[in-house]
Amino acid sequence: MKILFDKFTPPLPNEVYGFAATYFKRFYLNHSVMDFYPRDIMLTCLYVACKAADFPIGLQTFISHIPRNQERYSYLVLNSELFLMESLGYDLWVYTPYQALTGFVIDLVAYQRRICGARSDSYLLENRSDAQLVDELCKDGVNLINLWYQTDLCLTAHPSQFALAVLVELGHTRPQLDVEVFVRDELCGCDPVQKFKQHSEEDDGDEGDIKPKKDTKCDPDTRWQELSSRLDFIRQTVDEFQFITELGPVGEEEVILDECRNPLYNIESDEYAQAKSKADSLMATLE
């Protein structure tokens with residue numbers, strides 16, 4: 001899917017890929033690859049995602065980016081679009097990690113600027129501006145998000161936690177940024193200065209209250225522990241997954257899948273042609 005996504009000109013928004021990858025994962029929660037061939041569903045997911053993410057393109061324009069069998073895939077996408085939406089319960093809006101990552105990166109750079117100031121050894125001042133660093137981190141982070149969409153994290157992790165795990169991963173290759181310190185002290189509020197400000201605001205708010213308010217917020221240390229466990233879960237999921245970075249020749253599994261697929265859902269099979277003919281006859285009688 002990512003290879004086809006990158007072929008579009010003008011480039012598709014990143015959210016389109018996030019929408020399509022999530023549709024693809026959600027579809028196969030309730031359907032089998034033995035019934036619906038993944039390549040066919042992948043194309044339909046990407047086409048529907050363009051519409052759902054407010055970047056609609058015509059079917060012929062979409063199909064023109066497919067290198068071969070364009071007539072077949074045009075028919076398939078056209079006749080699978082409504083079925084895909086029905087399978088997704090018409091719940092087409094997806095919250096992706098991309099915007100959250102951008103926000104975290106901007107906050108991180110601002111935090112580093114505030115903490116490091118104009119120190120000569122500051123990572124921010126190594127021949128680059130804040131904007132350049134933000135662009136670099138966002139670009140690398142988007143590539144990492146797209147890679148991690150091969151896992152099930154879009155189903156098991158909140159988008160903001162997904163983005164935060166990507167930011168922490170970027171910090172592993174840039175130790176000068178102190179990303180984990182930023183997450184712990186700035187986002188979770190474990191910095192002593194933030195703790196003092198928080199307690200002062202709570203004390204000022206309680207002076208005019210007759211009844212004490214019930215504290216429903218967890219303390220910063222507990223918040224950091226809970227977030228750390230979620231980030232560890234995401235890290236473990238990524239470490240255990242075997243990512244596909246390059247497409248090779250057709251593998252044995254794909255050949256077996258093609259041979260054993262349900263012929264009723266194969267538009268090139270005789271069984272599909274007979275079932276379609278019968279359905280068309282029934283529809284004609286209703287008219």
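Residues in the sequence shown are numbered from 1 upward in steps of one, following UniProt numbering.
We put the CB at the ideal spot given by N, CA and C, even for glycine.
- When only Cα atoms are considered, isoleucine 115 and leucine 231 end up about 24 Å apart.
- Tryptophan 148: member of the alpha helix (DSSP H) spanning 130-148, first to last residue.
- Remark: C-beta atoms of valine 94 and glutamate 15 approach each other more closely than 9 Å.
- Close CB contacts of tryptophan 224 within its chain, under the 7 Å cut and outside five residues either way in sequence, are with Arg184, Cys188, Cys190 (chain order).
- DSSP places leucine 92 in the coil class of the three-state scheme, outside both helix and strand.
- Counting other Cβ atoms within 10 Å of its Cβ, cysteine 45 reaches 16 or more and is therefore classed as buried.
- DSSP places alanine 53 in the coil class of the three-state scheme, outside both helix and strand.
- When C-beta atoms of the stretch 96-104 are compared with those of the stretch 159-173, three or more pairs fall below 8 Å, so the two segments count as touching.
- Inclusion of leucine 76 and aspartate 40 in the CB contact set at 9 Å is warranted, their separation being smaller than that value.
- Setting aside the 5 residues that flank it on each side, glutamate 271 is surrounded in the same chain by Pro263, Leu264, each with a C-beta closer than 7 Å to its C-beta; the list follows chain order.
- In this structure, DSSP gives valine 33 a state outside helix and strand, which the three-state scheme calls coil.
- Its Cα nearest to that of glutamate 81, the residue Cys50 stands out among Thr285, Cys50, Ser229, Val33.
- Per DSSP, the continuous alpha helix (DSSP H) segment holding valine 105 begins and ends at 98-116.
- Rounded to the nearest whole angstrom, the CA to CA distance from serine 129 to isoleucine 267 is 55 Å.
- Within the same chain, Pro263 come within 6 Å of serine 269 by CB-CB distance, once the 5 residues on both sides are set aside.
- The beta carbons of isoleucine 57 and phenylalanine 5 sit no closer together than 9 Å.
- By the Cβ neighbour-count rule, valine 33 is exposed, with fewer than 16 other Cβ atoms within 10 Å of its own.
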